[in-house]
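What follows is a short report on a single structure.
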Amino acid sequence: MKERKNARLILSLLGVAAIYFLGWFIEQRSGSKSMVVTVLQKGAVYALIAVSMNLLNGFVGLFSLGQAGFMLVGAYTYAILTIPMAKRAAVYQYYDGGWVQFTVGVIPAMIAAGLIAAVFAALIGIPVLRLKGDYLAIATLGFAEIIRAIVQWDTIGPLTNGSNLLKTYPTLKNIMPGNSVLFVFLVVGVCIGLILLIINSTYGRAMKAIRDDEIAAEAMGINLFHHKQMAFVISSFFAGVGGALLAMYQGSLQANSFKSSMTYEILLIVVIGGLGSVSGSVIASFLFIAASEWWLRFLDSEMLVGDFKVPLLAPGFRMVVFSVVIMVVVLFFRRGIMGDRELWEIGRRRGAKGGRIQ
Amino acid sequence: MSEVKNVLRLENITMQFGGVVAINNLSLQVNEGEIVALIGPNGAGKTTAFNCVTGVYEPTNGAVYFHGKPIAVNHPQGKMVRQYAGELANKYRETRPVVYSPDRITAMGIARTFQNIRLFKSQTAFENVLIATHLRRSSNLFTAAFRLNLREERRMREKAMSLLETVGLAEEADELATSLPYGKQRRLEIARALATDPTLLLLDEPAAGMNPQETDELGEFIVDIKNRFNLTVFMIEHHMNLVMDISDRIYVLDFGRQIAEGTPQEIQQNPVVIAAYLGVEEE
Amino acid sequence: MFNQLLPYLLAGISVGGQYALIAVGYTMVYGILRLINFAHGDIFTAAGFFMVYLSASLPPAVSIPLVIVLTVVLGFTVERVAYKPLRSAPRMSIMISAIGVSYLLQNLMWYLTGGLAKQYPVLPGLSETIRIGEATTKVVTIVTPVLTVALVVGLVMLINHTKIGMAMRAVSVDFETAQLMGIKINNVISVTFIIGSAMAAVGSMLFFTNYTAVTPTVGAMPGLKAFVAAVFGGIGSIPGAMIGALIIGISENLIKAAGLTAFSDAFTFALLILVLLFRPTGLFGEKTTEKV
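Protein chains in written order, with my numbering: chain L, 14 to 371; chain E, 452 to 734; chain F, 40 to 331.
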């Protein structure tokens, strides 16, 4: 038993190492500006955010739609803390250089991004986590909108730069030049690893119990609010880190891009991957980004086959095809790619994990 | 004769939903080491009584004590002041209301099963029991996530496995809980309840859906776990054979009111009970 | 003071009435299916585009009814294609499907319109300016509340006094039992979507007469606000939705009057959260308990 477990662990580690090597190799071969590198970067960022959302929606059964709000908090925290001193005057030109007059490193700023998002979640969670089902969904959506409004509020402009762009902070291009994919993969890998550790601990089991049956979970002594709050804060922490990564990917930031449609997009990724499957969310993120940014690009431009002009192809057609595909998944393949199983569980009999004492 | 200690005591419990009185002024007590049954026709308010004990409902009026400590005390409030149809509304007016959520009550040592089986449906039998051991953890999120609680994790798994053995489901440990036959699901619910280390076990129709042979076995099984885990058992049941076989005392409920109380022999001969169950011919 | 506030009040009542017409669709669908129809705001937007394209070649007397018909067809189709197959699925699946439809409609509209804002046509009898006291405003400001109240009263009568209305009430109380009693659930649900879409079409004509730029995502915010209005009024209650919408419309404009324009959207959601916390059933909603 023990040996097989170790074998599996080694196999997983090898798999992860292979993925890292592949990411690094592709960037070396095709250069940092190629489409495939863009897809790998953005796909990894979305993977983290999707997994953080799946933690709530798929593992605890909380239908929360606040992800964009927490990403916004994380992205802004990161950008505000890392804009170099020399450039602050230019960025905050309407606010006398802003309030924040110090700069911290990239890693501390990312951790701060997660922590501030988590603090927001802790405060918001106290009222909203008592709500059920769709009321929770609409309340979290509402809070995300409120956060967006506050960030753009002129009075705190010296902090957030109001509705102006935040820019010139360290981006993927200049943090680890030429190794941007490796950097994103490392950060995302560590974060998803942490989430997996939590999901597979006794706390993760309690969360799944809440998803399956709140009343029974409570009757088994699981404090619903405590565990929901815990999941909400953890999810928001990683959404905040994901927001910071997104800021690095985009190169500049504006609050207005963090709309509810962003949350919807992430929710659709989670559903395509399978509610309750971490590996599903990761796979779906890369597929989603690759399809929307790359594979379906040809649908957006006119195409001539001989003298025949292929009909329908025009800007925007890509997203139409794409959303039809999503609807097909939502309607006919409701379990998504992975259902509630993980990649590394394939081939094992359902639930044959640790029934015997290991 | 040693002193009788009561484990659970309901005092003047009334539970009213709007104008509907589900339980009317119910008082009863369950003593240490006893098996007490609550019987009555469908809709008599039995499960509602359980829900008042376990914190799912807040009784409209009355008090519940567990080992002498109040775990639910209430008097009609808000809209219910007007609608309250029971008696003794003033008895608890001066007392401060006591409310505990179901998880706190379970933590105090009351565990329950459900009439309409509520297992964690995406989990295996083993995981169902394992989840219930979460309550008595000493690890926190940090130690659990970073696997600094290996010894405790091992203990939890051992405990879950041994409880499955106790209820005879060791073979089915890795089956999906909801794929088990009915009778086994009920046993699994009992194992899960036991994993919270209760001193009082509430069983809501444990024999429902079982065949006569399974029911007989269940009776022995309940007595067996009661002795093995030093439990007090309070159960709702419709199978009269089972009730009469294993109960020390029986309470009979009809239309939310207690109509009789006594030993199995007394209940069997009680004309009021017979009338409630069989109906009385109107002249 | 009052003269300064008057234009804001008028605008508030007007936009509130427009929200009310959208909110009716939300509240009816929620009452029956327990579904937040996230696509409703996009159906409202689609109605705007229908008018943009139809009025280019048709006179208003033809285009106005045609817009309503097309919107109704759209709403009906969305229900049949995206929600009906999920009748027995968990509620979360239907809500996700609604989000998917919203995503699809927005992308489709972007594709068909080229993503550029379209100018909404001038509808006769709505866009003229009139004076009320010290304030000048468009006729639509006055027409909206009147029309809204008339439509809502008509709808309430329909629900209380017709057979299909009775069926709707029955389905909203208990889906399964209504089905067992021989009510054709699918017809009732279709009618609900038809009414909701028609109301949204009327709402869009009034709304875009004031805010004349139609873009693929323009309906998202009014849609969300209308949903908040429905929750505020007590979801499932049609008069509640109207009153909720008016309150939101007016408060939003008063906040603008106070110079806090950036917070007018945030206020709506703050209100929503307060309502959910202190009176989750809204102003006119009914309480339900879960059976254990």
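The beta-carbon is built from N, C-alpha and C at its ideal position, and this holds for glycine as well.
Residue closest to residue i, alpha-carbon to alpha-carbon, out of the options
i                            : options                                   : result
isoleucine 129 of chain L    : L:Lys272, L:Gly206, L:Gly329 and L:Leu85  : L:Leu85
tyrosine 543 of chain E      : E:Thr564, E:Gly713, E:Thr465 and E:Asp705 : E:Thr465
glutamate 278 of chain L     : L:Leu356, L:Arg348 and L:Met66            : L:Met66
phenylalanine 133 of chain L : L:Gly110, L:Ile159, L:Ser314 and L:Asp147 : L:Ile159
serine 136 of chain F        : F:Tyr122, F:Met148, F:Trp149 and F:Gln145 : F:Tyr122
glutamine 145 of chain F     : L:Lys322, L:Arg331, L:Val52 and L:Gly170  : L:Arg331
isoleucine 287 of chain F    : F:Phe323, F:Tyr159 and F:Thr307           : F:Thr307
arginine 555 of chain E      : L:Asp353, L:Met233, L:Ile211 and L:Phe83  : L:Met233
glycine 111 of chain L       : L:Ile120, L:Pro97 and L:Val119            : L:Pro97
Proximity test, residue i beta-carbon vs the ligand MN heavy atom, cut-off 7 Å
i                        : result
glutamine 528 of chain E : This structure does not include the ligand MN; it has no bound ligands of any sort.
Alpha helix (DSSP H) segment containing residue i, residue limits
i                         : result
methionine 148 of chain F : 130-152
glutamine 80 of chain L   : 80-95
glutamate 640 of chain E  : 633-645
aspartate 147 of chain L  : 146-164
alanine 268 of chain F    : 259-272
tyrosine 59 of chain L    : 48-67
Cα-Cα separation between residue i and residue j, rounded to whole angstroms
i                            : j                            : result
valine 212 of chain F        : phenylalanine 345 of chain L : 29 Å
glycine 634 of chain E       : valine 195 of chain F        : 51 Å
tyrosine 92 of chain F       : valine 201 of chain L        : 47 Å
glycine 283 of chain F       : proline 324 of chain L       : 47 Å
alanine 174 of chain F       : isoleucine 71 of chain F     : 42 Å
alanine 219 of chain L       : arginine 643 of chain E      : 13 Å
glycine 367 of chain L       : valine 342 of chain L        : Note on glycine 367 of chain L: pLDDT 40, under 50, position unreliable in the model; the coordinate value appears next. So the alpha carbons of these two residues sit roughly 32 Å apart.
glycine 272 of chain F       : isoleucine 52 of chain F     : 16 Å
proline 553 of chain E       : leucine 570 of chain E       : 16 Å
alanine 156 of chain F       : glutamine 165 of chain L     : 24 Å
glycine 560 of chain E       : lysine 530 of chain E        : 33 Å
arginine 708 of chain E      : proline 510 of chain E       : 15 Å
alanine 57 of chain L        : phenylalanine 299 of chain L : 7 Å
phenylalanine 468 of chain E : alanine 523 of chain E       : 17 Å
isoleucine 23 of chain L     : serine 290 of chain L        : 21 Å
isoleucine 725 of chain E    : glycine 519 of chain E       : 34 Å
leucine 461 of chain E       : glutamate 609 of chain E     : 36 Å
isoleucine 474 of chain E    : lysine 677 of chain E        : 28 Å
isoleucine 490 of chain E    : alanine 583 of chain E       : 28 Å
leucine 172 of chain L       : valine 113 of chain L        : 7 Å
threonine 499 of chain E     : threonine 505 of chain E     : 10 Å
valine 618 of chain E        : phenylalanine 577 of chain E : 12 Å
arginine 170 of chain F      : asparagine 249 of chain F    : 16 Å
lysine 330 of chain F        : isoleucine 228 of chain L    : Residue placement at lysine 330 of chain F is poorly supported in this model, since its pLDDT is 49, which falls under 50; the coordinates are not used for a value here.
arginine 369 of chain L      : glycine 287 of chain L       : Because arginine 369 of chain L carries a pLDDT of 37, less than 50, the predicted location of this residue cannot be relied on, and the following value inherits that uncertainty. Answer to the nearest angstrom: the Cα atoms are 28 Å apart.
methionine 67 of chain F     : leucine 74 of chain F        : 10 Å
Element boundaries [beta strand (DSSP E), containing residue i]
i                         : result
asparagine 525 of chain E : 520-525
isoleucine 171 of chain F : 168-171
threonine 176 of chain F  : 174-177
asparagine 177 of chain L : No beta strand (DSSP E) contains asparagine 177 of chain L, which DSSP labels as neither H nor E.
serine 478 of chain E     : 471-482
aspartate 655 of chain E  : 651-655
aspartate 705 of chain E  : 700-705
Contact belief for residue i with residue j at Cβ below 8 Å, rounded distance in angstroms
i                        : j                            : result
alanine 122 of chain L   : tyrosine 89 of chain L       : Not quite, the Cβ-Cβ distance comes to about 11 Å (not below 8 Å), so this is no contact.
serine 77 of chain L     : alanine 150 of chain L       : 7 Å
proline 163 of chain F   : proline 104 of chain F       : Not a contact, Cβ separation roughly 14 Å.
serine 294 of chain L    : alanine 63 of chain L        : 4 Å
leucine 185 of chain L   : phenylalanine 198 of chain L : No, leucine 185 of chain L and phenylalanine 198 of chain L are not in contact; Cβ-Cβ is about 11 Å, not under 8 Å.
aspartate 147 of chain L : methionine 260 of chain F    : Between methionine 260 of chain F and aspartate 147 of chain L the Cβ distance is about 19 Å, and since that is not below 8 Å, they are no contact.
tyrosine 702 of chain E  : valine 487 of chain E        : 7 Å
glycine 253 of chain L   : glycine 127 of chain L       : 4 Å
glycine 255 of chain L   : glycine 87 of chain L        : 7 Å
Segment contact flag, the stretch 65-83 of chain F with the stretch 293-313 of chain F, C-beta cutoff 8 Å, min 3 pairs: no
The stretch 647-658 of chain E touching the stretch 667-676 of chain E, judged by at least three CB pairs closer than 8 Å: yes
The stretch 217-237 of chain F touching the stretch 114-129 of chain F, judged by at least three CB pairs closer than 8 Å: yes
Touching by the beta-carbon criterion (3+ pairs, under 8 Å), the stretch 58-67 of chain F and the stretch 184-194 of chain F: yes
Cβ contact check for the stretch 533-548 of chain E and the stretch 500-517 of chain E: 3 or more pairs under 8 Å: yes
Three CB pairs or more closer than 8 Å across the stretch 208-223 of chain F and the stretch 240-248 of chain F: no
Touch test, the stretch 219-235 of chain L against the stretch 134-141 of chain L, Cβ-Cβ under 8 Å, three pairs minimum: no
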